[in-house]
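Take a look at the structure set out below.
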Amino acid sequence: MPRADIKREDMLDTLPKLLRFWSMKNPNGVALRAKDRGIWQRHTWETYFNKVKNLAMGLTCLGAKRGQNIAILGENKPQWYCAELAAQSIGCAAVGIFTDCVPSEIKYYMEDAECVFIVVHDQEQVDKMLEIKDGLPLLKNIIFWDTKGMWNYQDDILLSFDQVSGMGEEFAQRNPDFFDQAISDGKADDIATICYTSGTTGKPKGTMLNHRWMVEAHTHWAKRDGWFQKGFNYVSFIPGAWAAEQGFGIAGNLCAGVMVNFPEKPETVQGDLREIAPELLFYGARQWELLNRTIQAKMMDSTAPRRITQRFCIPIGKRVAKLKVEMKKVPVFWRTLNLLAYHAFFRQLRDNLGLSKAKVVYSAGAAVSPDIIIFFKSMGVEIKLYYGSTEVGAISVPETGKIRPETTGTVLPWAQVKISEEGEILVKNKYMYSGYYNNIERTKEKIEDGWFRTGDFGYIDEEDHLIVIDRMEDLKALASGKRFSPQYAEIRLRFSPYIKDVLVVGGEDVEYVACLINIDMENVGNFAEKQRVQYTTFADLSQKPETIQLIRKEIKIINRTLPDHARIRKFINLAKELDADEAELTRTRKLRRTFVEGRYHKLIRAIYDGELGVDFEDTITYRDGKTALVKMHVLVNAIEEKYDD
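According to the working numbering, the residues represented by the sequence shown are 647 to 1291, in order.
Shown next, in the form of structure tokens:
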């Protein structure tokens, strides 16, 4: 048992010390909940602490030592949290790996971070590890927590979660003070976790985050935004390898008393969200776009009376939302109409989405279309699009009630921002990363006179709001010399329910802007069925005249909001989906722009060479690592100059 004489002020500098504190202060309080076979199973603080203790001691028995790194690969479950806290308790750092990574990617992370152990979820992840284990000389053991399908696996490198915990329990009985002392030896500057960057501009880099980054920063943030010790619920479904989950889930639970709830499986997230109705919520930018597309698709499929209600309520909600965003007084007439619209439409929609109790809602990772922010504001959900990075944490966060869709809010009190002569956003934060793992040179390149070079182009407006335009390297100039931001058009095109992803292109050697479109298979498929358009595959559907005309209309809508030189003049519907397994997207669904432009260079050249279509072949990779050659013929499509439909 932990020492009873430890005071709260001595326990605030590391996550394991906080876990020990809660296990003493409120042993029977519920720390985590996980849905299993339809029932929410509770994990008390005492249970949580003991599971961490036994696993940590088991890792010690296996040879884990302070300063080493332990990888975790699996879905969001209590076992992930226990594995991370166990590693940190004995002075190791946790290295999160995305569950959909292919074996070669896992091998890169394991080698780069020099991991000596890995804790994995199930048979699928074990199979990936067994494929690459011979190429990982530092790897001592693969520890799995889901035993389904694992009964006949005989490899000596494999150990179950329960086996290791059993070893640890015996070790703890022989050494009763060892674990408590190991926790007490932890310091705020110790590395807590290594989160890998998205890799949009090259290979992912291991960003070292210490306990100060985890504990102090998120304690201050939770107090500022009103979710500190409020008993808020949070549903953990964004990848544990992402810094956002580290902050809101692991740190939020221990620092701010947030109740973390784990869905039964990825397919049940939406239903579990509705059941929990969390007060604290984080969606990445792409998740908000996906949710928006789903809503729009379902609205189009609804009954005639429902569609009439929607056509009446949505414009009212948006008008009132825009008035609130502009900090203008809402007239009584519009307040009354908005109240009717809320009860007739928005309240039920909000409940169906699991947002009925949402109080603090965040997004990050990329820009979110202002149309999406306004739409959710219409139903009373205020999305706080904040700006930051794994290296520097959160830098600017909108204040409650002061949301402006085009900005990321004001700079946090413990951070600083300045704009370079070239327009690059430079930042300082009291809670900075501790550098890139085994990459001193790259760390030095990113810091200039104490300022972190973000690589983002933006400015601070007259109200001290930070506005992020695009990546510095992604701003483009046309042959005319006029510049445009691809991202500006892309985030607005992704507001369409029919467009899943898009790459906007142009350059100094061309006269106009064009784009490559990745259609949303489900929503365009529903459209095709209603129009009685027959199709077979994704490639076939993407090139149908009806699909091309549908996408053309969506682009023309966006073109109305763009200056003439930045309007999209031609487009191609890609005949295959952009895929993270193909390295076209990062694991957080960010577009790897340079890679995609290179891969589809032939298509881009066909657009600017005036061709009407082009034959293209490509190799695609499936999740099991198998590849297949796909041949396709895609059409080059023009946008008419008229914008009256």
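We put the beta carbon where it would ideally sit given N, CA and C, even for glycine.
Which one of the options has the shortest CA to CA distance from residue i?
i, options, result
"G1055", "A1010, T1089, I1093 and Y1083", "A1010"
"Q875", "W686, H857, T865 and F979", "T865"
"S1126", "N1084, V1159, N821 and V971", "V1159"
"D682", "E910, N1172 and G1101", "E910"
"D1261", "A868, K1005, L1220 and T940", "L1220"
"G1096", "Y1077, Y1033, V1014 and D947", "Y1077"
"L705", "G812, V904 and C747", "G812"
"V772", "I1203, G720 and F817", "G720"
"F807", "L855, I960, E751 and K697", "K697"
"L1292", "G1101, T1207, Y727 and G1171", "Because residue 1292 is not part of the residues shown, which for the chain are 647 to 1291, the question remains open."
"G1037", "C841, F908, L1149 and Q1189", "Sequence check: residue 1037 is Glu here, not Gly. For E1037, the nearest C-alpha among the options comes from C841."
"W888", "T853, D918 and F908", "T853"
"K849", "K723, Y1083 and G886", "Y1083"
"N674", "P662, R688 and K663", "R688"
"V810", "R1245, F763, I837 and F1098", "F763"
"H1314", "D871, S1142, D836 and T843", "Residue 1314 is absent from the model: the chain starts at 647 and stops at 1291."
Helix, strand or coil: which one does DSSP assign to residue i?
i, result
"R982", "Note that residue 982 corresponds to Thr in the displayed sequence, not to Arg. Note: T982 maps to helix in three-state DSSP."
"G895", "helix"
"L841", "In the sequence as displayed, the identity of residue 841 is Cys instead of Leu. It is a strand residue."
"E1154", "coil"
"I652", "With a pLDDT of only 45 at I652, under 50, the local geometry of the prediction cannot be trusted, and no value is derived from it."
"H989", "helix"
"H1279", "strand"
"M647", "Below a pLDDT of 50, predicted positions are generally treated as unreliable, and M647, at 38, falls in that range; no measurement from the model is reported."
"Y1008", "strand"
"V1057", "strand"
"T955", "helix"
"I1049", "coil"
"N1075", "strand"
"M1025", "coil"
"M775", "helix"
"S830", "helix"
"T853", "strand"
"F1182", "Note on residue identity: the sequence assigns Thr, not Phe, to residue 1182. Coil, per DSSP."
"E1286", "coil"
Output the distance between the C-alpha atoms of residue i and residue j, rounded to the nearest integer angstrom.
i, j, result
"N899", "C1161", "43 Å"
"N938", "N879", "23 Å"
"I1285", "V1043", "38 Å"
"E1263", "A677", "52 Å"
"I652", "F667", "Unreliable positioning characterises I652 in this predicted model, as indicated by a pLDDT of 45, which lies under 50. A coordinate reading is not provided."
"Q933", "K1236", "11 Å"
"F1294", "T914", "Nothing about residue 1294 can be read from this structure; the chain reaches only from 647 to 1291."
"E730", "Q892", "10 Å"
"L782", "G1153", "43 Å"
"Q942", "I1165", "15 Å"
"M1297", "A897", "No answer is possible for residue 1297: it lies beyond the span of the chain, which begins at 647 and ends at 1291."
"D1110", "V966", "24 Å"
"K626", "V1063", "Shown here, the chain extends from 647 to 1291; a query on residue 626 therefore has no answer."
"L1275", "F1173", "29 Å"
"L665", "I829", "10 Å"
"K851", "S1066", "24 Å"
"P1051", "T949", "31 Å"
"E1200", "V1006", "32 Å"
"R649", "G814", "The predicted model places R649 with a pLDDT of 42, which falls under 50 and marks its position as unreliable; any figure quoted below should be read in that light. When rounded, the distance between both Cα atoms is 19 Å."
"N700", "G1101", "43 Å"
"E1168", "D1255", "32 Å"
"Q1180", "D918", "36 Å"
"W867", "P1016", "24 Å"
"S1024", "K970", "10 Å"
"E1091", "E1070", "15 Å"
"F1103", "T745", "32 Å"
"R996", "S1002", "5 Å"
"P977", "N984", "11 Å"
"F1022", "L804", "47 Å"
"D1116", "F883", "27 Å"
With a cut-off of 7 Å, does the C-beta of residue i fall near any C-beta of chain B?
i, result
"T949", "The question asks about chain B, but that chain is absent: this structure has only one protein chain."
Sorry if obvious, but does the Cβ on residue i come closer than 6 Å to a heavy atom of the ligand HEM?
i, result
"A931", "Absence of the ligand HEM is noted for the structure shown, with no ligands found whatsoever."
Taking the runs of the beta strand (DSSP E) that are 3 residues or longer, which of them lie wholly in the segment 1201-1266?
1214-1219
Identify every run of the alpha helix (DSSP H) within the segment 891-952, keeping only runs that are complete inside it and at least 4 residues long; order them along the chain.
898-902, 915-922 and 931-946
Can you list the beta strand (DSSP E) stretches of 3 or more residues lying completely in the segment 679-747, in chain order?
685-690, 715-719 and 739-743
Could you tell me which uninterrupted alpha helix (DSSP H) segments, each at least 4 residues in length, are contained entirely in the segment 783-821, listed from first to last along the chain?
807-820
Is there contact between the segment 747-766 and the segment 685-694, where contact requires at least three CB pairs shorter than 8 Å?
no
May I ask you to verify whether the segment 1049-1067 touches the segment 818-831, counting CB pairs closer than 8 Å and requiring at least 3?
no
Minimum length 3: unbroken beta strand (DSSP E) runs contained in the segment 1081-1153
1097-1106, 1112-1117 and 1145-1151
I want to know whether the segment 1206-1219 touches the segment 1128-1135 - three or more CB-CB distances under 8 Å.
yes
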